[in-house]
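Numbering (this note's numbering), first residue to last: 2 to 208. See below for the structure under consideration.
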């Protein structure tokens, strides 16, 4: 289950572009808490604190307890917008949830046992990952950190579909209308004569 994170916040008295720019100059990030049949709540959080949570690598699929005005609000991060130039966070959206709210989350896929996959170890095949994350539906108290898929016994030409994956109890795919592909094992790439000639020409030029 994903860790439960904590984040301090303050109520945002003024909204609008001007107020948001002022907050960002002060090292704060405007944000909104919405959902659970309640009015949206405008807040702002410390940029450094938000960045620390983002750097955990599992921020978007973790429950975040936001402390605002002396009260804790249980939320799930839904979106963080970044400045295109500075890559600093400029806005965040949080979904207000209950203790056992059913949520839709994106959970990363982790592949293991490559050494036990004949298609990769002896056949020199390549793992072609199509879905780096899985869209899942589960209880907010049981969000998995990741979904681990073993490659043991896999050969070149094999495809791994969602039906091949054993999900944790109570966790289901968000996509239910098809048996979508998560990854395939493809033959090794063999350079063509043209590519080899281009590589040789490039080496001569560099020399």
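Don't be surprised by glycine CBs; every beta carbon is placed ideally from N, CA and C. None of these values were measured; they are calculated from a predicted model.
- Looking at the DSSP output, residue 108 bridges to 135.
- With 16 or more other CB atoms across the displayed protein chains lying within 10 angstroms of its CB, residue 62 is buried.
- Here residue 26 is exposed. Its C-beta has fewer than 16 other C-beta atoms within 10 Å.
- Between the stretch 73-91 and the stretch 118-130, the count of C-beta pairs closer than 8 Å stays below three; the two stretches do not touch.
- Listed in chain order, the alpha helix (DSSP H) elements of length 4 or more contained wholly in the stretch 113-182 are 119-122.
- Counted as a single uninterrupted DSSP element, the stretch harbouring residue 79 is not any alpha helix (DSSP H) but the beta strand (DSSP E) occupying residues 72-83.
- If you draw a straight line from the Cα of residue 149 to the Cα of residue 110, it is about 6 Å long.
- When 37, 49 and 137 are compared, the shortest CA-CA separation from residue 175 is found for 137.
- Per DSSP, residue 43 is one residue of the beta strand (DSSP E) stretching across 39-47.
- In chain order, 43 place their CB closer than 7 Å to the CB of residue 16, counting only its own chain and leaving out the 5 sequence neighbours on each side.
- At a Cβ-Cβ threshold of 8 Å, residue 95 and residue 77 count as neighbours.
- Distance from the CA atom of residue 145 to the CA atom of residue 167, rounded to whole angstroms, is 13 Å.
- Under the DSSP assignment, residue 19 falls in the alpha helix (DSSP H) whose first and last residues are 18-26.
- Contact annotation, residue 112 with residue 152: C-beta distance approximately 6 Å; criterion of less than 8 Å satisfied.
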